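A.B. asks: Numbering (this note's numbering), first residue to last: 1369 to 1827. Ideal placement from N, C-alpha and C gives every residue a C-beta, glycine not left out. Owing to the predicted nature of the structure, the values given are computational and were not obtained by experimental measurement. Can you read through this structure? Questions will come right after.
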Ligand code: B12
């Protein structure tokens, strides 16, 4: 059988998260008899030049988001230089968006797999193993013997409940650091239990999973939670689904099953303010959920329109009020520096975060990722080719990160406003007092200390 090594490139983050795409593919390959290992260069803090794949590897698979594509290509280079026999396959969001551009930029890639690879990657390996032509494999790009690109269409239909449990045994579990306010209890794991989003936010690229919502059943979700608890002693799970509560009935069923199985796992999730109600939140809290994060984005109705988020401030207030009544922590994500932003609208947004009495708020500078409407707005009239490694909003300190500057707000202003928003929100006696009162356990105290350290670093 072909031997496969899957690699997650370094992201330069202090909060490495498990590479869920790779451990899902690894589980599928193992189930089909392929020996696999995963090198999470992000969690292990390895630079491309430090990565050594086992010499008997036949296939290297590398995942890439937009800011990590450059590093992924450096890893591909190193693999080919040390062992040109190895076939290099790339997958993930960035290459799904820009397959041909990526292939043209590097002679080291043999195949690009677009979109959901759960069936495709296996088909590809089977074809390579049998030395068959690749034209029977869907959704890939590859080089022909004469050097031209061959593109295959149509997407394979994935049955969500048929996906195996992620191969967490291949990961350095202790190296993962949840981003506060996640991480009340360790060890922690992450899960994504649904795919596709029917909304059309102007800042979100939906390269891999598209618009059609598909989800695992409650039984399938809870079975994996039980497995993570029993096999790895996992005490907390972050659900990174785009909108965990899009199907409320499913979430009610998940909560009922967690209670029935007496699972002792704390969990968090992310969703939209228009997709929760008090009864659902009550059930979620009873089943171990301790915080939910929402993209609230802005207080300005005009900017909300530009962002096409499709939520109203009334819905925001209602959801937060329900959290208060149920006693479930609430996290708000905000974007500063969207088109049309002014110092006044930023102050309105910070005031909204304060008025809502959120438990935590995160302020990021709006970044136009490729294949989004914001990207089209940003690129209008620009000639220079984009430098993908700069497409990362975590580092507004990077002087090349694309941001929406205007006559009202320069790049320096945006950086200043982000720090100021954090200070205005967190460094208030009322807020600090509320947090101290909430510290009901040692775990909460530790998490607040970690959050404070992160805050001080970012301001
Ligand atoms: C969890 C998450 C994170 C986590 C951790 C991700 C990780 N482990 O590295 C954190 C919070 C750290 C994160 C950070 C960022 N993220 Co993020 N994140 C997600 C999220 C919500 C889920 C990812 C996931 O696990 N999906 C489930 C798995 C199963 O799917 P998958 O990884 O796509 O894998 C499938 C396919 O892509 C493919 N595949 C993937 N890799 C490979 C490799 C090979 C060889 C093959 C064959 C196939 C293949 O097969 C898999 C199975 O079908 C997605 C949104 C989403 N719904 O996917 C955004 C998403 C991936 N993130 C995104 C972005 C923009 C970012 C940031 C750049 C934001 C920022 N801060 O600037 C940063 C990256 C920072 C950096 N330094 O690089 C974008 C990516 C867009 C793009 N153009 O690349 C997404 C799509 C959100 C969005 N809709 O805009 N993210």
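(1) Should residue 1424 be labelled buried (16 or more other beta-carbon atoms within 10 Å of its own) or exposed?
(2) List the whole-angstrom C-beta distance separating residue 1486 from residue 1526, where the pair is believed to meet the contact cut-off of C-beta under 8 angstroms.
(3) In this structure, how does DSSP classify residue 1644 when only helix, strand and coil are distinguished?
(4) If contacts are defined as beta-carbon pairs under 8 angstroms, then residue 1658 and residue 1697 qualify, I think. What distance do you get, rounded to the angstrom?
(5) Answer yes or no: do residue 1384 and residue 1586 have a C-beta to C-beta separation smaller than 8 angstroms?
(6) Bridge partners for residue 1427 per DSSP, in chain order?
(7) Whole angstroms is fine: what's the gap from residue 1776's alpha carbon to residue 1727's?
(8) Using three-state DSSP, classify residue 1407 as helix, strand or coil.
(9) On the premise that residue 1447 lies in contact with residue 1421, defined as a C-beta separation below 8 angstroms, what is that separation, rounded to the nearest angstrom?
(10) If we ignore side chains and look at the alpha-carbon of each, how far apart do residue 1459 and residue 1806 end up?
(11) Mind checking whether the beta-carbon of residue 1659 lies closer than 7 angstroms to any heavy atom of ligand 1?
(12) In this structure, how does DSSP classify residue 1704 when only helix, strand and coil are distinguished?
(13) On the CB-based measure, 16 or more other CB atoms within 10 Å of its CB, does residue 1604 come out buried or exposed?
(14) I need the boundaries of the beta strand (DSSP E) containing residue 1634, first residue and last residue.
(15) May I ask you to check if the CB of residue 1429 is nearer than 7 angstroms to at least one heavy atom of ligand 1?
(16) Taking three-plus beta-carbon pairs below 8 angstroms as touching, is the region 1643-1656 in contact with the region 1685-1702?
(17) Quick one, are the C-beta atoms of residue 1571 and residue 1734 less than 8 angstroms apart?
(18) Buried or exposed: which applies to residue 1709, given that a residue is buried once 16 or more other Cβ atoms fall within 10 Å of its Cβ?
C.D. replies: Considering the structure as presented:
(1) The Cβ neighbour count for residue 1424, taken over all protein chains shown within 10 Å, is under 16; the residue is labelled exposed.
(2) 5 angstroms
(3) coil
(4) 6 angstroms
(5) no
(6) In the DSSP output, where bridge partners are listed per residue, residue 1427 has 1372 and 1455.
(7) 30 angstroms
(8) Three-state DSSP puts residue 1407 in a strand.
(9) 6 angstroms
(10) 43 angstroms
(11) no
(12) strand
(13) buried
(14) 1634-1639
(15) Yes; taking the cut-off as 7 angstroms, the Cβ of residue 1429 has a heavy atom of ligand 1 nearer than that.
(16) Look at the beta carbons and you see the region 1643-1656 touching the region 1685-1702: at least three pairs across the two are nearer than 8 angstroms.
(17) yes
(18) Buried is the call here.
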